[in-house]
Amino acid sequence: RPEGRVDLEWLDEERIVVSWQENTDAGAEIRYALVSRKGKEGASQVLTNTDPSRQSGFPILARTTDKLWFAWTQVDSTTTLRTAFLKL
Numbered sequence: 004r005p006e007g008r009v010d011l012e013w014l015d016e017e018r019i020v021v022s023w024q025e026n027t028d029a030g031a032e033i034r035y036a037l038v039s040r041k042g043k044e045g046a047s048q049v050l051t052n053t054d055p056s057r058q059s060g061f062p063i064l065a066r067t068t069d070k071l072w073f074a075w076t077q078v079d080s081t082t083t084l085r086t087a088f089l090k091l
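In terms of the numbering used here, the sequence shown is numbered consecutively and its last residue is 91.
The following block contains the structure:
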C-alpha cells in the first residue's frame with residue numbers, strides 16, 4: 004500500500020533510483036527500487052521501518068560519486084534524523 008512521499012535520483016543517463024514510503028500492517032517502510040529509462044523496474048527493497056505519521060516527513064535521496072545516500076526522520080519518543088547509504 005504505497006503512501007507516496009516519493010523521491011528519485013539519477014544514477015546515470017539510463018537509470019534512476021526511486022524511494023517511497025509504503026504502509027504495512029505494522030506501520031510503514033521506506034522502500035526503493037531501480038528503474039530504467041525504458042520503465043523496467045527492479046525488485047523493490049526495504050531500507051528501514053518507519054512511522055506512518057506525517058511527522059516522519061519525506062525520505063530524501065542524494066547521490067555522490069560512489070554512494071547513494073538516504074535521509075529520513077525517525078519518530079520515537081524523540082525525532083531523529085537518520086541516514087544510510089548504498090555503495091554504487
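Each residue gets a CB set at the ideal place from its N, CA and C atoms; glycine is no exception. A quick note: this is a predicted structure, and the numbers were derived from the prediction, not measured.
Within the same chain, and ignoring the five residues on either side of Arg66 in sequence, the residues whose Cβ sits closer than 6 Å to its Cβ are Glu12. The beta-carbon separation of Leu50 and Ala87, rounded to 6 Å, stays under the 8 Å limit for a contact. When the alpha-carbon of Ala36 is set against those of Gln48, Asp28, Leu71, Leu14, the nearest one is in Gln48. With fewer than 16 neighbouring CB atoms inside 10 Å of its own CB, Arg40 falls in the exposed class. As computed with DSSP, Gln77 is found in a beta bridge with Thr83. By the neighbour-count criterion, in which 16 or more other beta carbons inside 10 Å mark a residue as buried, Ser56 falls on the exposed side.
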